[in-house]
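Using the UniProt record's numbering, the letters of the sequence shown correspond one by one to residues 1 to 357.
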Amino acid sequence: MTGKPASLRTHPVGLRAEGTVSPPSAQPGPQGGGAMTPTLTALLCLGLSVGVRTQVQAGTLPKPTIWAEPGSVIPWGRPVTIWCQGTLGAQEFRLHKEGSLARWDTQRPLEPGDKATFSISYMTEHNTGRYRCYYHSLTGRSQDSDALVLRMSGWLRGIPSLSVQPGSMVASGQSVTLLCQSRISMDTFLLFKEGAAHPPLRLRSKFQGGQYRAEFSLSPVTAAHGGTYRCYSSLNTSPYLLSQPSDPLKLPVSGGAPGLRWYVNVPITGSVAFVVIVLLLLLLIRYLCQERRRKSDAAENDTQPAEGVQLDHQAAPSTCPQDVTHSTLRWETIAAPPSRSGEPPAEPTLYATLAIH
1 MTGKPASLRT HPVGLRAEGT VSPPSAQPGP QGGGAMTPTL TALLCLGLSV
51 GVRTQVQAGT LPKPTIWAEP GSVIPWGRPV TIWCQGTLGA QEFRLHKEGS
101 LARWDTQRPL EPGDKATFSI SYMTEHNTGR YRCYYHSLTG RSQDSDALVL
151 RMSGWLRGIP SLSVQPGSMV ASGQSVTLLC QSRISMDTFL LFKEGAAHPP
201 LRLRSKFQGG QYRAEFSLSP VTAAHGGTYR CYSSLNTSPY LLSQPSDPLK
251 LPVSGGAPGL RWYVNVPITG SVAFVVIVLL LLLLIRYLCQ ERRRKSDAAE
301 NDTQPAEGVQ LDHQAAPSTC PQDVTHSTLR WETIAAPPSR SGEPPAEPTL
351 YATLAIH
């Protein structure tokens, strides 16, 4: 037997080398097989339409928010809950870990229907890593959330220390350095702030003064920098496995609140107003003194002394300040000689001498 049995022969009908299905032959068969061509064509178009619609709908919903409670750094053996919150109308939530082939449970949304929880009852080194979540609804699939980095503390020995330079009291606008150091060899230091939404600050360690250290500079300091800080250390080989945390460091920032700025500005404004008021009072006193002296001089000029009498009249003491000039006015009356022609004598002449002191 040189040929294959008839029952083992293969007849590749409608298969191309690329693996796509080609439409069947248009030649009619014994039982009218050519009549199925429009039906197959319609099914093919429907499949393509569904595929395009699914591709368009995927990722069109807004991305959800992901966070962990009680935080993103969990001690070994403690429980942690991962929350994923999307929009109302979500039917299911899914969580996946980057680089992991394990399939995580799909959770139904909690009331009111926009979030779900994923629980880890016992934290180990296998649970650390980067997590993302997404959700499905009737309109399609959402985008992936931002990455949640889950770390475990207490894996490495040693406890770093955290201090502030130049001092613990910091004013708004100044520069401050948070120093994290350890006697044990570490590759990286991480600085966490309680309640902060942003990721921790990371710096490579430097060996100086017999210790491994990292200096985190905050400049210029604002009221937003105030709070409680802790630092951890880690190795490059296991970046999600940390040491024990340092003792908490409270960083108070003064001068950043609007009320404090108002308190500083009030004395400055009051001092300027006081100087202006004093100058106005001095000008008013000078004007009153000058006006009083002018009236006194006018009254003395109207006074006519008796004939042939010399008066040594001194102005009354002034109540003006001592820097005001005083004057003494001397009146003298000189009678004219009798006229030879028998005409009445001329009126006496009045002389005034003003002495300025």
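Think of the CB as a built atom: it goes at the ideal place given N, C-alpha and C, for glycine as much as any other residue.
Predicted model, so just to flag it, every value in this text is computed and none were measured.
Nearest to P200 by C-alpha distance, out of F192, T106 and L283, is F192. In terms of Cβ geometry, M152 and L242 form a close pair [threshold 8 Å].
In the three-state reduction of the DSSP assignment, L281 falls in the helix class. Counting every other CB atom within 10 Å of its CB across the protein chains shown gives S182 a total of 16 or more, marking it as buried.
Only residues of its own chain outside the window of five on either side were considered, and among them T177 have a CB closer than 6 Å to the CB of S217, listed in chain order. Annotated three-state conformation of S296 is helix, per DSSP. The C-beta distance from P79 to S121 rounds to 5 Å, short enough to fall under 8 Å. The beta carbon of P248 sits closer than 6 Å to the beta carbons of T228 and R230 from its chain, once the five residues preceding and following it are set aside; these are given in chain order. DSSP, read as helix, strand or coil, puts Q211 in strand. Note: K97 is bridge-paired with Y131 in the DSSP secondary-structure output.
Counting C-beta pairs closer than 8 Å gives three or more between the segment 83 to 93 and the segment 126 to 146, which meets the contact rule. About 24 Å separates the Cβ atoms of Y232 and P166, ruling out a contact at the 8 Å cut-off. Measuring C-alpha to C-alpha distances from T139 to each of S254, H225, R294 and L61 identifies L61 as the nearest. In the three-state DSSP reduction, E125 falls in the helix class (H, G or I). In the structure shown, the three-state DSSP call for Q165 is strand.
Between the alpha carbons of K250 and K97 lies a gap of roughly 34 Å.
Note on geometry: alpha-carbon atoms of G158 and A171 lie some 33 Å from one another.
Burial check for L150: the Cβ neighbour count within 10 Å reaches 16 or more, so the residue is buried.
Residue state for R286 is assigned as helix, using DSSP reduced to three classes.
Within 10 angstroms of the beta-carbon of Y212 lie 16 or more other beta-carbons, which makes it buried. Residue pairing for T228: DSSP places it in a beta bridge opposite K250. In the structure shown, E111 falls within a coil segment according to DSSP collapsed to helix, strand and coil. In this structure, T81 keeps its C-beta atom at 8 Å or more from the C-beta atom of T106.
Within the model, the alpha-carbon separation for R103 versus L148 is close to 17 Å. Per DSSP, the continuous beta strand (DSSP E) segment holding E69 begins and ends at T65 to E69.
Taking the Cβ atoms as the reference, R202 lies roughly 5 Å from L190, within the contact range of under 8 Å. At a Cβ-Cβ threshold of 8 Å, G129 and G154 do not count as neighbours. When DSSP states are grouped into helix, strand and coil, A197 belongs to the coil group. Separation of the CB atoms of S145 and I66 is rounded to 4 Å, and the pair is thereby assigned contact status at 8 Å.
Remark: C-beta atoms of S72 and L162 do not approach each other more closely than 8 Å.
DSSP, reduced to helix, strand and coil, places A147 outside both helices and strands of the structure shown, so it counts as coil. Ranked by Cα distance from E125, the first of W76, I184 and A68 is W76. For I74, the enclosing beta strand (DSSP E) starts and ends at V73 to P75. The beta-bridge partner set that DSSP reports for T177 consists of Q165 and S217.
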